[in-house]
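Reviewing the structure listed below.
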Amino acid sequence: MHVFKNAINTYIPGGLIRKNVRQIQVNIGRRCNLNCTHCHLECTPERTEEMDPSLMDMVVDLASGTHGGSESVEMVDITGGSPELHPNFRGFVSALRQRQIPVQVRTNFAVLLEAGQESTMGFLRDNQVQLVGSMPCYLEENVRAQRGAGTYEKNIWVLRRLNQLGYGKEEGLLLNLVYNPGGAFLPGSQAGLENDYKEALLQRFGIVFNHLLVIANMPIGRFGQMLANRGLLKRYMNELAGAFNPDTIAGLMCRHQISIDYDGRLYDCDFNIALEMPASEGESPKLSKLEGRQIVVGDHCFGCTAGAGSSCGGALTGTG
């Protein structure tokens, strides 16, 4: 039986406690132009859930310290779905940047070629928005298997255009890629994979980027269902639990980050959103009130502590 709480309590009696909140991750909707096999939130082009503009205003106030905090956070990380498809995406980003709050957007790149997105890359550049983009592999066949036909070619076109705009080259225009394994196994070395990506993309397409973030697939959502359908879920969970690494605990993202879903509810991470495991009921929106609270965990959390660890910012150990 996998019991993440017991594993954590061995090293931190009383369990995980949130420290100071340095980053807010905001999921502004479930609509996506893709239908990826590993998506833990099961986003599709048909999903319609999206954050109301009034809640976006609340997030801006919260992040800037004018809604229950003494100072602004270090970063607002915007995700989805494809966040670019939200009708108020640009207004939200602009409001945060007007208050000098650094913004990071999680993109699948291909969405930037959708109708109505013609000027989005220029908007992102002009607002110095950092980008984290999913690129499951530098080989066409692996990307096609995870994200569908034509996605790889779109990604390459967008990456070239982003380079032309200064992304991955100029200060303030950070361009990071994300790797997810294609199956029921832990990712390899982040440093080694980054070298492979950089060499392949530069030689084949002249593409440069800043860093590769390696993220383990969580045994939830579509990926969890795929594992269950193939009779692999128990084996994968055993692999995650067996690879538990206590050195990852200090860097766990839930200790310094909160996640806000499109409906305004607070969670300890985006994965807990997928499992509908909110922070304690009646949680205050004041950042100061979130500090020192018990973090809600489950056995899926072994995905963040296995091997070199995994977070929205990539591996947690052995990245040097």
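Residue numbers (my numbering): 1234 to 1553.
Yeah, the Cβ is synthetic: ideal placement off N, Cα and C, and Gly gets one too.
Check	Outcome
Burial state of S1211, where buried means 16 or more other Cβ atoms lie within 10 Å	No answer is possible for residue 1211: the residues shown for the chain start at 1234 and end at 1553.
Limits of the unbroken beta strand (DSSP E) element including L1364	1363-1367
CA nearest to the CA of P1335, picked from L1318, L1364, A1424, V1344	L1364
Per DSSP, cross-strand counterpart(s) of N1260	T1312
Assigned exposure category for N1266 - 16 Cβ within 10 Å defines buried	buried
Where the beta strand (DSSP E) containing N1341 begins and where it ends	Counting along the chain, N1341 falls outside any beta strand (DSSP E), and DSSP gives it neither H nor E.
Pair within 7 angstroms by beta-carbon distance, G1531 and T1481	no
Cβ-based burial, D1285 [other Cβ within 10 Å; buried from 16]	exposed
Nearest-angstrom Cα separation, counted from S1287 out to N1428	43 angstroms
Burial state of I1494, where buried means 16 or more other Cβ atoms lie within 10 Å	First, the amino acid is wrong: residue 1494 is Asp here, not Ile. Per the 10 Å Cβ criterion, buried.
Cβ-based burial, S1517 [other Cβ within 10 Å; buried from 16]	Model confidence at S1517 stands at a pLDDT of 49, short of 50, so the residue's coordinates are unreliable; what they give is reported in the following sentence. Its Cβ having fewer than 16 others within 10 Å, S1517 is exposed.
Reference P1369, options L1523, L1357, A1343, closest by Cα	A1343
Between the CA atoms of Q1333 and S1305 - distance to the nearest angstrom	9 angstroms
Cβ pair R1498, E1275 closer than 7 angstroms	no
Integer-rounded CB distance, given that R1251 should sit under 8 angstroms from A1523	Correcting the residue identity first, residue 1523 is Leu in this sequence and not Ala. Indeed, because the Cβ distance is near 6 angstroms, the residues count as touching under 8 angstroms.
Cα-Cα separation, V1309 to V1447	20 angstroms
Own chain residues within Cβ distance below 7 angstroms of M1451, not counting five before or after	H1273, F1504, H1533, G1536
C-beta atoms of L1398 and I1453 nearer than 7 angstroms	no
Nearest candidate by alpha-carbon position, reference I1257, set E1283, G1248, I1311, R1377	I1311
Euclidean distance between Cα positions of L1246 and Y1500	The sequence given here has Pro at residue 1246, not Leu. About 22 angstroms.
Distance CB(Q1423)-CB(A1548) smaller than 7 angstroms	yes
7 angstroms Cβ shell around G1475 - same chain, five flanking residues per side excluded	none
Per-residue burial, K1467 [other beta carbons within 10 Å of its own, 16 or more giving buried]	exposed
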